[in-house]
Amino acid sequence: MNPRLIAIAGPLKESHFALPTEEVTIGRDASNLLPISDPSVSRRHCVVSHEAEQFKIRDLKSRNGTLINGIPVQEQYLKHGDQISIGDSIFVFLLEDTEEGFVGRQVEFEDDSIAKSTVRLRPADVLYLQPDKILSELPATSRLARNLNVLLKISRVVHSIRDLQALQDEILSLTFEVSPAERGAILLDGTHAKDFASVFARSRQATDPRTVRVSRTVARQVLEQGVSVLGSDVAASENLSDLESVIASEVRSLLCVPLIVFDKVIGCIYLDSTNPVMRFDEDHLQLVTAIAGISAVALENARQLEWLRQENERLNTEINLEHSLLGESAVMKNVYQFLARVAPTDSTVLIDGESGTGKELAARAIHHNSQRADKAFVAINCAAITETLLESELFGYEKGAFTGATAQKKGKLEVAHGGVVFLDEIGELAPALQSKLLRVIQEREFERVGGTRPVEVDIRLIAATNKNLAEAVRTSTFRQDLFYRLNVVSVTMPPLRERKEDIPQLASYFINKYSKRCKAKAKPLSEEACACLMNYDWPGNVRELENAIERALVLGAGDLILPEDLPEAVLERAAPAGMTAKYHSALKETKKQLILAAIDDAKGNYTEAARALGLHPNYLHRLIRNLDLRQELKASGRR
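Numbering (my numbering), first residue to last: 535 to 1173.
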């Protein structure tokens, strides 16, 4: 087992967390083993525990609840592939390590009734999977020896093919070599054995244009019961002769065996023949069941790999659609020119700027336009992971390095080999890790936690920060040599207040985005609402604008986005020139008078004034700033 959580959404997106045997608490508080910096997450949200070779998640009476595959739960055992929603974060629980095309024939299913098969065989009774019983029957001329050679050939071939269709074609081709089958199909299960998620069929003669007909009744029985079915003489069989679809196809004998992986039936191999002379016998049953036993894991791995490829394509498409920089202002054009110049190189890049200005988007733009675009882009938020977890996340660990390290784990630097590592909030990196990161930048090698052998990596580093690293160097909270290594080429992402001409374009983009996501009607901005957006300074930058637009779409009741649909902080600013809104103007004027009166009563003491108003002092200062009261307070001598 390799139990782990992979974040696919939220502040820790693309982060991997190995699950130890002890309890893992998850929540907003930094004391949690897995802290999430997200206001929608409770301080102690939930806990994942290891019980009798299983992992259980338990909600800790969180405010927004814990969801498994979209359903709120109080306590539940986790299965491989479960999606865990915690606030705005989504984690996937993973327990297992996970050319020319081939044209298969169509499959038509016929529904029949069957009471029992002529011959049944359970996996434990398969002779070919019990080598001790057949050692005495290995003369080169024996049929058994020939069959063993075929099994050896199949075992070598099937585990060297990754493409699902090519693998299925090869399995059927080799099966035709050792059986009288004229047609064959490999059916992989879907939901509750009622449907087949994947079907592949072909005839012995590749040029045979006929559709391969499969008895759904036989296939479903094998899928549900996990036993093989042999009908050596369909016409004479009391049970199989009632299958109308089989008789209509003039099938003389048929064979269907289960594909089993870890005691779970994942599908079946179905064979039939119309030849009255060459029919399936029990030796064919034994052999094909053994072939299925060898091929099942390879088929499941190929299917999982195909799913991962499709999911990777989907995620790449999503990234390209949602993670793009917008804006036509002069400052943004300068950013675009910088990104175009540095993207083709392998230079380390430092991106600074306030929170919410799009530093990660800039890093992804560099990656997508570089020679490493087809390689991994691994993002690490240095502020969202504790120092202990961050070291193992960056460098990985060896088996036995600490309690719970039951197997070797590659770190993100190793996973990103050949690609890009994006270190977000690099200014929050612990001093001990700063020195280790410096060695990685200089030598392009590191050692896993608990390891002694250096691991070499080929990576490009992009770092981002909303802190003044030069000032951090002066105060000795950030290593000077690391700063110089990171600051090879740098760019500052402009705050939204310095490119307000981009606000209408950004607002339009977010309206379209959230109208689809929230299944709400796309509403244009009214002139008054647009004026309010342009008049606000946006301390939270583009991220704050995005949240404001989403809120307006969800809460707005009209056909336009009006000023009253916007957050209160936006409306607290002085009304823009030419805008007439009596209600909002009167509301702001009332706020001003209440604040001024409270400060007068407190003789200029802001803390006392905030207490009298029932506000936090920080909120009072924000109101003073948004309502432009500083000059008035200064002129009146109140401050």
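A virtual CB, placed ideally from N, CA and C, is assigned to each residue, including glycine. All figures in this text were calculated on a predicted structure; none of them were measured in a lab.
Quiz item: Counting Cβ pairs, one atom from each stretch, are 3 or more of them under 8 Å apart for the region 554-574 and the region 611-628?
Solution: yes
Quiz item: Does the Cβ-Cβ distance between Leu947 and Cys916 come in under 8 Å?
Solution: no
Exercise. Would you mind reading off the limits of the beta strand (DSSP E) that contains His550?
Key: Start and end: His550 to Ala552.
Quiz item: With C-beta atoms as the reference, is Cys580 less than 8 Å away from Arg592?
Solution: yes
Practice problem: Indicate whether the contact test is met: 3 or more Cβ pairs, each with one atom in the region 872-892 and one in the region 1057-1065, closer than 8 Å. | Solution: No: the two stretches stay apart, fewer than three of their Cβ pairs being nearer than 8 Å.
Quiz item: What are the partner residues of Arg654, as DSSP defines its beta bridges?
Solution: Arg654 pairs with Val763.
Practice problem: Find the nearest neighbour of Asp1162 within the set Val912, Ala1144, Glu1123 and Tyr1140, judged by alpha-carbon distance. | Solution: Selected option, being the one with the closest Cα: Glu1123.
Quiz item: To which residues of the same chain is Glu1032 closer than 7 Å at the C-beta, ignoring the five residues directly before and after it?
Solution: Val865
Practice problem: Assign Pro1028 to one of two classes, buried (16 or more other C-beta atoms within 10 Å of its C-beta) or exposed (fewer than that). | Solution: Buried is the call here.
Quiz item: In angstroms, rounded to a whole number, what distance separates the CA positions of Thr937 and Gly984?
Solution: 12 Å
Quiz item: Do the region 801-808 and the region 716-725 meet, that is, are 3 or more Cβ pairs less than 8 Å apart?
Solution: Yes, they touch.
Quiz item: What is the DSSP secondary structure of Leu669, counted as helix, strand or coil?
Solution: Note that Leu669 scores 47 on pLDDT, short of 50, meaning its location in the model is unreliable; the coordinates nonetheless yield the value given after this. Note: Leu669 maps to helix in three-state DSSP.
Practice problem: If I'm right that Phe1044 touches Glu1078 with Cβ under 8 Å, what's the distance once you round it to whole angstroms? | Solution: Wrong, their Cβ atoms sit about 11 Å apart, outside the cutoff.
Exercise. Flag this pair as touching only if the region 695-709 and the region 835-844 have three or more C-beta atom pairs under 8 Å; answer yes or no.
Key: yes
Quiz item: Contact check, Phe589 vs Leu612 under 8 Å by CB: the rounded distance?
Solution: 5 Å
Quiz item: Of all the options Glu585, Glu587 and Arg577, which has the alpha carbon lying nearest to the alpha carbon of Asn598?
Solution: Arg577
Quiz item: Is the CB-CB distance between Val954 and Ile996 below 8 Å?
Solution: yes
Self-check item: Helix, strand or coil at Lys944 [DSSP, three-state]
Solution: Secondary structure of Lys944 (DSSP, three-state): strand.
Practice problem: Could you pull out every unbroken beta strand (DSSP E) segment of at least 3 residues lying fully inside the region 545-630, listed in chain order? | Solution: 550-552, 558-561, 580-585, 588-593, 600-602, 605-607, 609-611, 617-620 and 623-628
Quiz prompt | Arg1156 - DSSP class collapsed to helix/strand/coil | solution = helix
Quiz item: Quick one, which of Asn846, Asn1075, Ala918 and Leu1020 has its alpha-carbon nearest Gln1034's?
Solution: Note that residue 1034 is Lys in the sequence shown here, rather than Gln. Looking at the Cα atoms, Asn1075 is the closest of the given residues.
Quiz item: What separation, rounded to the nearest whole angstrom, lies between the Cα atoms of Lys944 and Asn681?
Solution: 41 Å
Quiz item: When the distance is taken between beta carbons, is Leu1154 closer than 8 Å to Ala1146?
Solution: Contact: no.
Quiz item: Just the Cα atoms here: how many angstroms apart are Thr1011 and Arg978?
Solution: Answer to the nearest angstrom: the Cα atoms are 24 Å apart.
Quiz item: Taking the alpha carbon of Val752 as the point to measure from, which residue in Gly930, Arg654, Gln942 and Leu859 has its own alpha carbon closest?
Solution: Nearest of Gly930, Arg654, Gln942 and Leu859 to Val752, Cα basis: Arg654.
Quiz prompt | Beta carbon of Val989 nearer than 8 Å to that of Ala950 | solution = no
Quiz item: Across which residues does DSSP place Cys802 in a beta bridge pair?
Solution: Leu721 and Pro792
Quiz item: Is it the case that the CB of Pro1028 approaches a heavy atom of the ligand FAD more closely than 7 Å?
Solution: Among the components of this structure there are no ligands whatsoever, and the ligand FAD is therefore not found.
Practice problem: Return yes when the Cβ of Asp1093 is within less than 8 Å of the Cβ of Lys1057, no when it is not. | Solution: Contact check for Lys1057 against Asp1093 passes: the beta carbons are separated by less than 8 Å.
Quiz item: How should Pro792 be labelled, buried or exposed, when 16 other C-beta atoms within 10 angstroms of its C-beta is the threshold for buried?
Solution: buried
Quiz prompt | Proximal residues to Lys1126 (C-beta, below 7 Å), its chain only, five neighbours per side dropped | solution = Leu1161 and Leu1163
Self-check item: Rounded straight-line distance, which links the Cα of Ala1091 to that of Ile605
Solution: Straight through space, the alpha carbons of Ala1091 and Ile605 are spaced by roughly 29 Å.
Quiz item: Where does Leu539 sit, in a helix, a strand or coil, going by DSSP?
Solution: strand
Quiz prompt | Gln690 to Ala826 span [Cα, whole Å] | solution = Note on residue identity: the sequence assigns Arg, not Gln, to residue 690. Going from the Cα of Arg690 to the Cα of Ala826 covers about 14 Å.
Exercise. Report buried or exposed for Tyr1048, applying the criterion of at least 16 other Cβ atoms within 10 angstroms of its Cβ.
Key: buried
Self-check item: Beta-bridge pairing of Thr922 - partner residues as DSSP gives them
Solution: Thr922 pairs with nothing; no bridge assigned.
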